[in-house]
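Asks:
In our numbering, the protein residues as written are 12 to 381.
#1: Would you decide whether residue 76 is buried or exposed? Buried here means 16 or more other CB atoms lie within 10 Å of its CB.
#2: Can you check which of these residues, 162, 139, 100 and 196, is closest to residue 87 by C-alpha distance?
#3: Would you give the residue range spanned by the beta strand (DSSP E) that residue 206 belongs to?
#4: Can you say whether residue 185 is buried or exposed, counting buried as having 16 or more other CB atoms within 10 angstroms of its CB?
#5: I believe residue 317 touches residue 323 by the beta-carbon criterion, under 8 Å. Please report the beta-carbon distance rounded to the nearest angstrom.
#6: When we look at the beta-carbon of residue 145 and count the other beta-carbons within 10 Å, is it buried (16 or more) or exposed?
#7: Give the straight-line distance between the Cα atoms of residue 16 and residue 110, rounded to the nearest whole angstrom.
#8: Along the chain, where does the alpha helix (DSSP H) that runs through residue 51 open and close?
#9: If you pair each beta-carbon of the region 164-178 with each one of the region 186-204, do three or more pairs fall below 8 Å?
#10: So for residue 100, helix, strand or coil by DSSP?
#11: Would you decide whether residue 154 is buried or exposed? Buried here means 16 or more other CB atoms lie within 10 Å of its CB.
#12: Return helix, strand or coil for residue 189, following the three-state DSSP convention.
#13: By a C-beta neighbour count over all protein chains shown, 10 Å radius and 16 as the cutoff for buried, is residue 2 buried or exposed?
#14: In its own chain, which residues sit with a C-beta less than 7 Å from the C-beta of residue 162, not counting the 5 before and 5 after it?
#15: Among 247, 319, 326 and 328, which residue has its Cα nearest to the Cα of residue 290?
#16: Relative to the C-alpha of residue 300, which residue among 85, 338, 135 and 71 is closest?
#17: Could you check whether residue 302 and residue 336 sit closer than 8 Å to each other, using their CB atoms as the reference points?
#18: Return the CA-CA distance between residue 295 and residue 64, expressed in angstroms with no decimal places.
#19: Please tell me whether residue 288 and residue 352 are closer than 8 Å, where the distance is taken between their beta carbons.
#20: Going by Cα to Cα distance, which pick from 53, 106 and 221 is closest to residue 130?
#21: Since residue 194 sits in a beta bridge, which residues does DSSP pair it with?
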């Protein structure tokens with residue numbers, strides 16, 4: 012979450028016109044203009060994509076066949092949390108680039124609330140994905156325990172616990188951020204309404220918090236989901252092998268055995284489809300969120316070595332890329348669901364068909380309902 016040090020670039024830009032490019036400014040370099048193009052295109056674009064996609068995902072996960080499952084609840088909460096991330100974070104960037112106004116710096120209280128809501132939503136989304144991976148791991152690798160562990164009631168308790176943990180780990184913004192002042196002789200001047208109340212808090216945000224974010228937002232979920240997904244993929248392979256062996260070893264060819272085999276095959280096909288979809292979503296999270304967190308950790312050292320406007324332009328471009336990758340992580344899940352989830356596509360198809368007076372029957376045929 013490189014968002015924690017976005018303002019560092021603004022502060023450093025004011026002092027960066029040094030080095031070998033003494034007669035130039037950041038506007039003279041292509042990297043700066045490339046970054047500006049990204050800032051102008053991606054925030055509103057991702058906001059539209061994320062709003063439509065997450066709203067449709069929420070509709071699908073709220074259908075009767077989905078909301079009675081733990082996974083349906085988790086993915087509905089994920090869509091809701093991602094909607095909050097997009098609207099709280101991307102609206103700020105859109106206003107900032109088109110109106111040249113940072114809404115965080117308008118009021119100290121709003122600065123705290125905005126950061127708190129954004130960071131809580133991001134952390135909650137990350138750990139909901141971990142909960143989804145854990146649910147799939149139990150369903151695939153420990154099927155005998157799935158009936159007791161993978162329940163909606165247990166998922167509700169897990170989600171509530173994750174929400175409170177997200178609140179607890181971000182509550183510090185209410186005293187570590189706010190109005191920042193500096194002493195100029197006998198006069199106390201306001202530096203920023205969304206600054207650091209003390210030098211200790213500035214050090215905390217620059218050198219300590221990025222490592223906490225790495226563990227909480229990326230590193231912890233990354234390692235956990237990676238291990239769970241490896242186990243899930245192995246479990247799917249073993250499930251396939253067992254089905255092949257059962258088919259080879261089956262001697263009875265009665266109507267009942269055929270019916271039972273068809274039911275078992277359909278059940279395993281559903282589990283496999285949903286699991287593949289969630290594995291893709293998990294790996295997408297890992298690929299899109301990690302660069303931003305690593306940038307947060309390295310940002311202070313990088314900015315310390317910045318001595319000319321070219322370095323600032325390059326940093327601005329990297330910052331724009333990793334932040335947009337981070338927000339894309341909260342905007343594209345719907346596309347991943349559609350590409351990899353057959354069950355999701357079927358539910359979405361039924362929503363659209365019912366809206367136009369049609370109905371999807373068992374053989375996937377669409378009929379007009381009068």
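Note that CB positions come from ideal geometry on N, CA and C, so glycine has one too.
Replies: Here's the rundown:
#1: Residue burial annotation: residue 76 is exposed, with fewer than 16 other C-beta atoms found within 10 angstroms of its C-beta.
#2: 139
#3: Segment 198-206, the beta strand (DSSP E) holding residue 206.
#4: exposed
#5: Indeed they touch by this definition, with Cβ atoms about 6 Å apart.
#6: buried
#7: For residue 16, the predicted structure reports a pLDDT of 43, less than 50, and the residue's modelled location is therefore unreliable. A value from the coordinates is still provided. Each residue's alpha carbon lies about 21 Å from the other.
#8: Annotation for residue 51: the continuous alpha helix (DSSP H) segment containing it runs 41-72.
#9: no
#10: Shown here, residue 100 sits in a helix according to DSSP, grouped into three states.
#11: The residue is exposed, with fewer than 16 neighbouring Cβ atoms inside 10 Å.
#12: In the structure shown, the three-state DSSP call for residue 189 is strand.
#13: This structure gives no information on residue 2, because the portion of the chain shown stretches from 12 to 381.
#14: 81
#15: 247
#16: Ranked by Cα distance from residue 300, the first of 85, 338, 135 and 71 is 338.
#17: yes
#18: If you take the alpha carbons of residue 295 and residue 64, they lie about 16 Å apart.
#19: yes
#20: 221
#21: 199
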